[in-house]
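**Q**
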Amino acid sequence: MSELRYNPLLGEWLATATHRQDRTFLPPAGFCPLCPTEAGGFPTEVPEPDYDIVVFENRFPSLQKSPPEPAVEGTAFYPVKPADGICEVVLYSSEHDSTLALQPLRQVEKLIRVWTDRFVELSKHDFVKYVFVFENRGTQIGVTLTHPHGQIYAYPFVPPLVAKELANAKAHHEKNGECLICKIRQTEVTDGRRLVASNDTWTAYVPFFARWPYEVHIAPIRHLQALPELTDNEVSGLARVMKQVLTAYDKVFDMVMPYMMVMHARPSDGGNYDHYHFHIELYPALRTPNKLKYLAGSETGAGMFINDTLPEEKAAELRKIVEGLEF
Amino acid sequence: MPVKSQSSSPGGPQKEGPRNAPTLKKRQIAMPDGRYMIFYTDDKDVAKDEVRQEGNV
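Protein chains in written order, with our numbering: chain A, 2 to 328; chain B, 2 to 58.
1) Is residue 202 of chain A near residue 222 of chain A, with beta carbons less than 8 Å apart?
2) Less than 8 Å between CB atoms is the rule here; does residue 7 of chain A satisfy it with respect to chain B?
3) Near residue 63 of chain A, which residues of its chain fall below 8 Å by C-beta distance, leaving aside the five closest residues on each side in sequence?
4) For residue 60 of chain A, does the three-state DSSP call read helix, strand or coil?
5) Kindly indicate which three-state DSSP category residue 183 of chain A falls into: helix, strand or coil?
6) Can you give me the Cβ contacts of residue 241 of chain A inside the same chain, cut-off strictly under 7 Å, excluding the 5 residues immediately before and after it?
7) If you reduce the DSSP assignment to three classes, tell me which class residue 41 of chain A lands in.
8) Answer with buried or exposed for residue 329 of chain A, where buried requires no fewer than 16 other C-beta atoms within 10 angstroms of its C-beta.
9) On a CA-only basis, which of A:245, A:233, A:234 is nearest residue 218 of chain A? Give me that one, please.
10) Against chain B, with Cβ distances strictly below 8 Å, would residue 58 of chain A count as a contact?
11) Under 6 Å Cβ to Cβ from residue 28 of chain B, same chain only, skipping five residues before and after it: list those, please.
12) Could you give the distance in angstroms between the alpha-carbon of residue 271 of chain A and the alpha-carbon of residue 130 of chain A?
13) On a CA-only basis, which of A:128, A:146, A:152 is nearest residue 112 of chain A? Give me that one, please.
14) Any heavy atom of the ligand FMN closer than 7 Å to the CB of residue 220 of chain A?
15) Return the Cβ separation of residue 296 of chain A and residue 287 of chain A in integer angstroms, given the expectation that the two are a contact with Cβ distance under 8 Å.
16) Does the beta carbon of residue 134 of chain A come closer than 8 Å to any beta carbon on chain B?
17) Less than 8 Å between CB atoms is the rule here; does residue 250 of chain A satisfy it with respect to chain B?
18) Please go through the stretch 128 to 206 of chain A and give each complete alpha helix (DSSP H) segment of 4 or more residues, from N-terminal end onward.
19) Check residue 229 of chain A in the structure and name its three-state DSSP category.
20) By alpha-carbon positions, which one of A:12, A:142, A:92, A:314 ends up nearest to residue 165 of chain A?
21) Going by other Cβ atoms of all chains shown within 10 Å of its Cβ, with 16 needed for buried, is residue 176 of chain A buried or exposed?
22) Looking only at its own chain, which residues have a Cβ that is under 6 Å from the Cβ of residue 299 of chain A, when we skip the five neighbours before and after it?
23) Any Cβ of chain B within less than 8 Å of the Cβ of residue 186 of chain A?
24) For residue 97 of chain A, does the three-state DSSP call read helix, strand or coil?
25) Which stretch, first to last residue, makes up the beta strand (DSSP E) that contains residue 289 of chain A?
26) Is there a Cβ of chain B sitting closer than 8 Å to that of residue 164 of chain A, yes or no?
27) Taking the straight line between their C-alpha atoms, what separation do you get for residue 225 of chain A and residue 97 of chain A?
28) Give a yes or no on whether 8 Å exceeds the smallest Cβ distance from residue 130 of chain A to chain B.
29) Three or more beta-carbon pairs under 8 Å between the stretch 186 to 199 of chain A and the stretch 37 to 55 of chain A, yes or no?
30) Does the CB of residue 54 of chain A have a neighbour CB from chain B at under 8 Å?
31) Could you have a look at residue 307 of chain A and say whether DSSP puts it in helix, strand or coil?
32) Among A:198, A:148, A:70, which has the Cα closest to the Cα of residue 239 of chain A?
33) Which residues of the stretch 241 to 270 of chain A have a Cβ closer than 8 Å to any Cβ of chain B? Give them in chain order.
34) Based on Cα-Cα distance, which residue from A:284, A:316, A:278 lies nearest to residue 258 of chain A?
35) Helix, strand or coil: how does DSSP classify residue 3 of chain A here?
36) Which chain B residues are close to residue 118 of chain A, counting only those with a beta carbon under 8 Å from its beta carbon?
Structure follows, in structure tokens:
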């Protein structure tokens, strides 16, 4: 069963998705449902012996094109809606033990073009108001399948965190006549202490206001709103800076860093969002090799993050690693 | 499924240069339960050996 329920306390929607309780959970080696199906082997989700990059509808979606009727009837006070939307899985590689950081630059570029194509295609649906590209990596994040993959959610509304960013970006633009994220990126470049990596089209930095240890934001130098606006040169630049940051993550503690990677683009609701600025945010979950950053009482119950580290120090660690990379 | 009319640059004007080139090849299949699956590749298919080699940096 799945449905959207409205939370009048926070003024936002949430989804129930009880069928997700039954999804595949950390299967043993040799039984990964995201690997290719080998001749005579167990049938995986992908019915072919090899693939490059694959996108498919999630077997256990939180949102669906033809969702079931809600399990409960809504009221004027407690509105309930069918969980309209689309949930896709993106397989980065057929290599089970690989990661996004380990992909060659050309493969990362190809993946960016796949994300772009999905953004365009999913945005065409009338009921889709926001296309959200993201990756959860690592069992510490709650990942149930370790094969290198990401996800795309096509929401029937603009999700609350993005809506808050959009509102702040609009207010800043109206007050100052400039893009908020252009201002943040330029401030980080001028200051320099929190820079992690950069090239002629992108800047990666630990923001002044980082909530997570090793949090990194990656923003294009050119003011643009979504992936389809990227030039070929910007696709190449993004692939390089993503690979630099993700490789640095895995070298910080000489172990695979669990992280969440999210893309914040303009909504797909037909509105004008020229004041907004596409960017990627990465939230690594570790603060030391054996200590997780938990979202505890203050973060979850009050919405105030407590960062146990200094962004300037964490950025310096990452920058030093990036400077030693040779791609 | 109703779809939106897609302008050339939804949400804002294109400000510079060409969009990233649509060099991908797509092949879509339907799975037995009705879900779609799309296979993407391009002319510059990356060899597995190259993946392993570059992965060691």
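Virtual Cβ for every residue (Gly too), placed ideally from N, Cα, C.
**A** So, from the listed chains and residues:
1) Judged by their CB atoms, residue 202 of chain A and residue 222 of chain A are nearer to each other than the 8 Å cut-off.
2) Interface with chain B (8 Å Cβ-Cβ cutoff): residue 7 of chain A is excluded.
3) These residues qualify, in order along the chain: 3, 16, 18, 21, 84, 86, 88, 154.
4) Residue 60 of chain A: coil per DSSP, three-state reduction.
5) In the structure shown, residue 183 of chain A adopts helical secondary structure according to DSSP, grouped into three states.
6) So the qualifying residues of the chain are 106, 200.
7) Reduced to three states, the DSSP call for residue 41 of chain A is coil.
8) Residue 329 of chain A is absent from the model: chain A starts at 2 and stops at 328.
9) If we check each option's Cα against that of residue 218 of chain A, A:245 comes out closest.
10) So yes, residue 58 of chain A belongs to the interface.
11) Here the set comprises 40.
12) Distance from the CA of residue 271 of chain A to the CA of residue 130 of chain A, rounded to the nearest whole angstrom, comes to 8 Å.
13) Out of A:128, A:146, A:152, A:152 has the C-alpha closest to the C-alpha of residue 112 of chain A.
14) What this structure holds is no ligand at all, so the ligand FMN is not there to describe.
15) Rounded, the Cβ-Cβ distance is 14 Å, inconsistent with contact.
16) Residue-level contact by beta carbon fails for residue 134 of chain A and chain B, as no gap is shorter than 8 Å.
17) By this cut-off, residue 250 of chain A is not an interface position.
18) Correct list: 161 to 177, 181 to 192.
19) Residue 229 of chain A falls in the helix class under three-state DSSP.
20) Checked all of A:12, A:142, A:92, A:314; the closest Cα to residue 165 of chain A is A:12.
21) Label assigned to residue 176 of chain A: exposed.
22) Result list for residue 299 of chain A: 305, 307, in chain order.
23) It does not; no Cβ of chain B falls within 8 Å.
24) Judged by DSSP in its simplified three-state form, residue 97 of chain A adopts coil rather than helix or strand.
25) From DSSP, the beta strand (DSSP E) with residue 289 of chain A extends over 287 to 289.
26) With respect to chain B, the C-beta atom of residue 164 of chain A has no partner C-beta closer than 8 Å.
27) Going by C-alpha positions, residue 225 of chain A is about 34 Å away from residue 97 of chain A.
28) No, residue 130 of chain A does not count as interfacial toward chain B.
29) As far as the Cβ criterion goes, the stretch 186 to 199 of chain A does not touch the stretch 37 to 55 of chain A, which means the pair count is below three.
30) Chain B places a beta carbon closer than 8 Å to that of residue 54 of chain A, counting this residue as a contact.
31) In this structure, residue 307 of chain A counts as coil in the three-state DSSP scheme.
32) Among A:198, A:148, A:70, the Cα nearest to that of residue 239 of chain A is on A:198.
33) Listed by position, the residues of the stretch 241 to 270 of chain A near chain B (Cβ gap below 8 Å) are 248, 267, 268, 269.
34) Measuring C-alpha to C-alpha distances from residue 258 of chain A to each of A:284, A:316, A:278 identifies A:284 as the nearest.
35) If DSSP states are grouped into helix, strand and coil, residue 3 of chain A belongs with the strands.
36) Within 8 Å Cβ-Cβ: 23, 25, 27, 41.
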